[in-house]
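A.B. asks: Protein chains in written order, with our numbering: chain A, 2 to 295; chain B, 2 to 295.
There are 2 protein chains.
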Amino acid sequence: MLGAIEAGGTKFVCAVGQKDGRLVERIQINTDIPERTIPEVIAFFREFPIQAIGIASFGPIDINKESPTYGYIKSTPKPGWINFPFVQTMENAFHVPIHFITDVDGAALGEWAYGAAKGHNSCLYITVGTGIGAGAVVDGKLLRGLSHPEMGHISVRRHPEDSYEGFCPYHRDCIEGLAAGPAIEGRWGVKADMLHHEKAWEMEAYYLAEALVQYILILSPEKIIMGGGVMKQKHLFPRIHSLVKEKLEGFVPLPDKLVHYIVPPQLGDDAGVTGALLMAKQILEKKKAYEKQK
Amino acid sequence: MLGAIEAGGTKFVCAVGQKDGRLVERIQINTDIPERTIPEVIAFFREFPIQAIGIASFGPIDINKESPTYGYIKSTPKPGWINFPFVQTMENAFHVPIHFITDVDGAALGEWAYGAAKGHNSCLYITVGTGIGAGAVVDGKLLRGLSHPEMGHISVRRHPEDSYEGFCPYHRDCIEGLAAGPAIEGRWGVKADMLHHEKAWEMEAYYLAEALVQYILILSPEKIIMGGGVMKQKHLFPRIHSLVKEKLEGFVPLPDKLVHYIVPPQLGDDAGVTGALLMAKQILEKKKAYEKQK
Ligand SMILES: Nc1ncnc2c1ncn2[C@@H]1O[C@H](COP(=O)(O)OP(=O)(O)O)[C@@H](O)[C@H]1O
Ligand SMILES: Nc1ncnc2c1ncn2[C@@H]1O[C@H](COP(=O)(O)OP(=O)(O)O)[C@@H](O)[C@H]1O
Ligand SMILES: [Zn+2]
Ligand SMILES: [Zn+2]
Numbered sequence: 002m003l004g005a006i007e008a009g010g011t012k013f014v015c016a017v018g019q020k021d022g023r024l025v026e027r028i029q030i031n032t033d034i035p036e037r038t039i040p041e042v043i044a045f046f047r048e049f050p051i052q053a054i055g056i057a058s059f060g061p062i063d064i065n066k067e068s069p070t071y072g073y074i075k076s077t078p079k080p081g082w083i084n085f086p087f088v089q090t091m092e093n094a095f096h097v098p099i100h101f102i103t104d105v106d107g108a109a110l111g112e113w114a115y116g117a118a119k120g121h122n123s124c125l126y127i128t129v130g131t132g133i134g135a136g137a138v139v140d141g142k143l144l145r146g147l148s149h150p151e152m153g154h155i156s157v158r159r160h161p162e163d164s165y166e167g168f169c170p171y172h173r174d175c176i177e178g179l180a181a182g183p184a185i186e187g188r189w190g191v192k193a194d195m196l197h198h199e200k201a202w203e204m205e206a207y208y209l210a211e212a213l214v215q216y217i218l219i220l221s222p223e224k225i226i227m228g229g230g231v232m233k234q235k236h237l238f239p240r241i242h243s244l245v246k247e248k249l250e251g252f253v254p255l256p257d258k259l260v261h262y263i264v265p266p267q268l269g270d271d272a273g274v275t276g277a278l279l280m281a282k283q284i285l286e287k288k289k290a291y292e293k294q295k
Numbered sequence: 002m003l004g005a006i007e008a009g010g011t012k013f014v015c016a017v018g019q020k021d022g023r024l025v026e027r028i029q030i031n032t033d034i035p036e037r038t039i040p041e042v043i044a045f046f047r048e049f050p051i052q053a054i055g056i057a058s059f060g061p062i063d064i065n066k067e068s069p070t071y072g073y074i075k076s077t078p079k080p081g082w083i084n085f086p087f088v089q090t091m092e093n094a095f096h097v098p099i100h101f102i103t104d105v106d107g108a109a110l111g112e113w114a115y116g117a118a119k120g121h122n123s124c125l126y127i128t129v130g131t132g133i134g135a136g137a138v139v140d141g142k143l144l145r146g147l148s149h150p151e152m153g154h155i156s157v158r159r160h161p162e163d164s165y166e167g168f169c170p171y172h173r174d175c176i177e178g179l180a181a182g183p184a185i186e187g188r189w190g191v192k193a194d195m196l197h198h199e200k201a202w203e204m205e206a207y208y209l210a211e212a213l214v215q216y217i218l219i220l221s222p223e224k225i226i227m228g229g230g231v232m233k234q235k236h237l238f239p240r241i242h243s244l245v246k247e248k249l250e251g252f253v254p255l256p257d258k259l260v261h262y263i264v265p266p267q268l269g270d271d272a273g274v275t276g277a278l279l280m281a282k283q284i285l286e287k288k289k290a291y292e293k294q295k
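1) Would you say M232 (chain A) and V129 (chain A) are within 8 Å of each other, going by their C-beta atoms?
2) Taking the alpha carbon of H172 (chain B) as the reference point, which residue from A:K224, A:G251, A:G141 has its own alpha carbon closest?
3) Which of helix, strand or coil does DSSP assign to M227 (chain B)?
4) If you measure from the CB of G134 (chain B), is any heavy atom of ligand 4 nearer than 7 Å?
5) Judging by CA-CA distance, which residue of B:E223, B:G18, B:L3, B:E247 is the nearest neighbour of H121 (chain B)?
6) Can you find a heavy atom of ligand 4 that lies under 7 Å from the Cβ of G182 (chain B)?
7) Go ahead and pull the three-state DSSP assignment for Q29 (chain B).
8) Closer than 7 Å is what we want: which residues have a beta carbon that near any heavy atom of ligand 4? List them in chain order.
9) What's the gap between the Cα of R27 (chain A) and the Cα of L268 (chain A)?
10) May I ask you to list, following chain order, the residues of the segment 135-166 of chain B that have a beta carbon less than 9 Å from some beta carbon of chain A?
11) Give a yes or no on whether the minimum CB-CB distance between E223 (chain B) and chain A is below 8 Å.
12) Chain A beta carbons: is any one of them nearer than 8 Å to that of N65 (chain B)?
13) Quick one: does the C-beta of Q29 (chain B) sit closer than 7 Å to a heavy atom of ligand 2?
14) Any C-beta of chain A sitting closer than 8 Å to the C-beta of S123 (chain B)?
15) Could you work out which residue in A:G153, A:W189, A:K192 is closest to D174 (chain A) when comparing CA atoms only?
16) How far does the alpha helix (DSSP H) with A180 (chain A) in it extend, from its first residue to its last?
17) Hey, could you find the ends of the beta strand (DSSP E) Y126 (chain A) is sitting in?
18) Any beta-carbon of chain A closer than 8 Å to the one on P265 (chain B)?
19) With H, G and I counted as helix, E and B as strand and the rest as coil, what does DSSP make of V97 (chain A)?
20) Mind checking which residues open and close the beta strand (DSSP E) that includes L249 (chain A)?
21) Given 7 Å as the limit, tell me if E203 (chain B) has its C-beta closer than that to any heavy atom belonging to ligand 2.
22) Examine the Cβ distances between the segment 39-54 of chain A and the segment 268-285 of chain A and report whether three or more of them are shorter than 8 Å.
23) Just curious, the beta strand (DSSP E) that G55 (chain A) is in, first and last residue?
24) Hey, could you find the ends of the alpha helix (DSSP H) F46 (chain B) is sitting in?
25) Between I6 (chain B) and A57 (chain B), is the Cβ-Cβ spacing less than 8 Å?
26) Should A117 (chain B) be labelled buried (16 or more other beta-carbon atoms within 10 Å of its own) or exposed?
27) Tell me the DSSP secondary structure of R173 (chain A) in three-state form.
28) Does the pairing of the segment 78-88 of chain B with the segment 226-240 of chain B give three or more beta-carbon distances under 8 Å?
29) Taking 8 Å as the CB-CB cut-off, is P170 (chain A) touching chain B?
30) Out of B:K287, B:A290, B:G276, B:V25, point me to the one whose CA is closest to A8 (chain B)'s CA.
31) Have a look at G229 (chain A) and P265 (chain A) and give me their C-alpha separation to the nearest angstrom.
32) Return helix, strand or coil for K20 (chain A), following the three-state DSSP convention.
33) Quick one: is L213 (chain A) near chain B, going by C-beta distance under 8 Å?
34) What residues in the segment 82-116 of chain A bring their beta carbon closer than 7 Å to a beta carbon of chain B?
35) Quick one: which chain B residues come within Cβ less than 7 Å of P254 (chain A)?
36) Taking 7 Å as the cut-off, does the CB of V139 (chain B) come closer than this to any heavy atom belonging to ligand 2?
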């Protein structure tokens with residue numbers, strides 16, 4: 002049996018499941034300080050004979066195995082979680098192999114395997130929420146290189162009527178700094194879910210389309226999935242479709258109907274934990290192959 | 002035996018070689034109109050018992066097998082080559098499987114297999130010449146999705162002192178429109194190889210670094226190789242290194258020494274044709290696997 006965790010800023014989803022990706026049992030736990038949340042997580046998994054755990058976590062996280070802080074949640078505004086050694090904590094509790102990925106990588110993998118990108122070779126999952134982040138699947142595997150991508154921090158051309166300075170602590174006006182939930186609130190002085198100003202949503206769609214165009218030109222994904230709190234504003238989808246079409250039509254071989262290309266998630270709250278389960282499977286197989294070799 | 006072509010705007014490199022990527026014999030042919038160039042290409046390959054051909058071509062080219070213009074060079078200022086059915090022409094002459102990729106994809110693959118990115122999992126090859134283009138290898142394979150990437154046409158933030166309008170016929174001031182050879186000439190009124198104006202090269206490095214930062218945030222390649230006519234200005238490398246470092250240090254886990262991360266090509270004129278040879282090998286293997294299955 003395999004264990005999977007999607008660790009989010011507001012809640013943890015924990016699940017156990019089989020190698021085919023089916024979730025057998027799942028629970029949700031509010032994200033409190035680690036001292037309260039983690040014991041609940043551990044208690045849940047104690048009930049099952051788990052052989053490996055996949056963790057898809059909020060971050061930024063350190064996934065570089067050579068780094069002294071591998072397996073840590075690094076900087077985060079969430080109280081208590083800065084420098085939390087997530088992998089080490091779970092290893093100490095269960096002594097099984099652990100695979101550590103970002104929350105968006107988990108969602109990308111889950112949606113690719115069982116959701117909106119099923120049957121495709123590649124996909125991009127983007128969340129537009131408290132921050133902006135993205136994970137990519139290429140040829141059925143998470144895109145990796147030096148590290149995982151940091152697509153939420155690309156720069157974009159400013160909307161000509163926008164004078165908001167941006168809120169990203171690193172770059173100020175990268176795409177996250179200009180278009181995540183807090184940017185909407187900072188610019189218009191109203192919480193994003195209460196905002197009904199046409200100009201505001203036009204500008205939001207402009208920025209998201211700008212970012213998508215960069216992602217498409219560089220990665221050329223077969224499917225783009227957009228989730229996160231801000232994307233609950235469903236009217237953003239048609240706006241984004243027409244802007245992306247305008248910018249790329251005739252230049253990049255886009256699918257005829259962008260409504261089938263840039264889409265909402267299908268797995269909802271289970272995308273991340275499903276991806277985490279697949280990563281648990283992968284690391285267990287690696288361990289078995291390694292042991293066989295010896 | 003395998004055939005390989007790197008079709009460039011000024012010259013064709015044709016070679017035959019073995020499955021290990023070694024070139025056994027090679028020639029160069031000036032790029033004239035197809036009626037003069039192609040017969041020379043065909044005559045060269047006639048001397049060898051070739052079983053497959055890889056073509057890495059200037060473009061834009063159509064690599065979408067479902068498209069009615071698959072295998073064509075599409076729009077190009079080169080006289081005679083617009084809508085040239087490259088794959089079909091070679092198929093008619095040799096009746097062997099043909100693999101058709103972009104020139105930069107060929108170079109990326111060649112440098113990954115035998116050149117500057119040897120031993121790495123991924124790399125990005127960028128040419129800065131008459132245009133800007135890039136090819137990426139991810140997990141030992143060319144990055145593909147909807148199509149090949151079009152990284153030369155991403156948008157970048159303008160240098161605050163730049164008022165040049167850009168020359169890209171599609172986007173005017175995308176990175177190609179602002180930083181390829183003709184942009185340098187258009188902005189400063191001097192051919193790029195004769196230009197000794199400090200401010201000009203500072204601006205060029207600024208734009209190239211802006212583009213690299215986007216590529217790194219989205220793709221996270223393990224190695225970046227920069228070639229093409231403009232990169233013969235070797236002083237661009239240290240300028241780019243320090244700008245990229247400034248923009249990403251502490252945020253992305255860059256290698257310590259960018260001088261080993263962002264590098265010139267190692268295979269010179271043979272990168273593209275070497276990549277093409279590897280693609281010839283791949284398509285031959287595919288054909289054999291397919292025939293076995295039947
Ligand atoms: N219905 C909504 N419409 C617009 N914005 C919303 C909506 N619901 C949540 N948001 C915004 O999304 C952000 C939270 O994103 P969410 O994806 O829910 O969480 P997180 O990114 O922390 O995981 C907040 O900035 C909030 O204002
Ligand atoms: N030594 C040099 N210094 C700066 N620019 C150069 C140099 N040599 C060529 N270029 C510029 O590079 C462009 C040609 O690029 P090149 O890579 O040689 O060919 P192509 O892109 O057509 O395959 C021209 O715009 C030219 O001005
Ligand atoms: Zn940022
Ligand atoms: Zn362009």
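Beta carbons: idealized from backbone N, C-alpha and C, even for Gly.
C.D. replies: So, from the data block:
1) Between M232 (chain A) and V129 (chain A), the gap from beta carbon to beta carbon is short of 8 Å.
2) Here the closest residue by C-alpha is A:G251.
3) In the structure shown, M227 (chain B) sits in a strand (DSSP, three-state: E or B).
4) Look at G134 (chain B): its beta carbon is at least 7 Å from all of the heavy atoms in ligand 4.
5) That would be B:E223, whose Cα lies nearest to the Cα of H121 (chain B).
6) No - ligand 4 has no heavy atom lying nearer than 7 Å to the Cβ of G182 (chain B).
7) Per DSSP, reduced to three states, the secondary structure at Q29 (chain B) is strand.
8) With 7 Å as the limit between CB and the heavy atoms of ligand 4, the residues that fall short of it are B:G153, B:H154, B:C169, B:Y171, B:H172, B:C175, B:E177, B:G178.
9) Roughly 14 Å between the two C-alpha positions.
10) Taking 9 Å as the cut-off between beta carbons, the residues of the segment 135-166 of chain B near chain A are A135, A137, V139, D140, K142, L144, R145, G146, L147, S148, H149, P150, E151, M152, G153, H154, I155, S156, V157, R158, R159, in sequence order.
11) By this cut-off, E223 (chain B) is an interface position.
12) Judged by the 8 Å Cβ criterion, N65 (chain B) is in contact with chain A.
13) False, no ligand heavy atom lies under 7 Å from that Cβ.
14) It does: the Cβ of S123 (chain B) has a partner Cβ on chain A nearer than 8 Å.
15) Checking every option, the nearest Cα to that of D174 (chain A) belongs to A:G153.
16) That run of the alpha helix (DSSP H) goes 176-180.
17) Per DSSP, Y126 (chain A) belongs to the beta strand (DSSP E) from 123-129.
18) Judged by the 8 Å Cβ criterion, P265 (chain B) is not in contact with chain A.
19) Three-state DSSP puts V97 (chain A) in coil, outside helix and strand.
20) In the DSSP assignment, L249 (chain A) falls outside any beta strand (DSSP E) and within the unbroken alpha helix (DSSP H) covering 237-249.
21) Not under cutoff, so the answer is no.
22) The way I'd put it, the segment 39-54 of chain A does touch the segment 268-285 of chain A; three or more beta-carbon pairs between them come closer than 8 Å.
23) For G55 (chain A), the uninterrupted beta strand (DSSP E) segment begins and ends at 53-58.
24) It spans 35-47 - the alpha helix (DSSP H) in which F46 (chain B) sits, taken as one unbroken run.
25) Yes; because the gap between Cβ atoms is below 8 Å, this pair is in contact.
26) A117 (chain B) comes out buried.
27) In the structure shown, R173 (chain A) adopts extended strand secondary structure according to DSSP, grouped into three states.
28) Taking 8 Å as the limit for Cβ pairs, the verdict is that the segment 226-240 of chain B does not touch the segment 78-88 of chain B.
29) So, not an interface residue.
30) Comparing Cα positions, the closest option is B:G276.
31) Rounded to the nearest angstrom, the two C-alpha atoms are 9 Å apart.
32) K20 (chain A): coil per DSSP, three-state reduction.
33) Chain B, which has no Cβ nearer than 8 Å to the Cβ of L213 (chain A), makes this no.
34) Result list empty, no residue passes.
35) Neighbours of P254 (chain A) on chain B, chain order: N65, L147, S148.
36) No.
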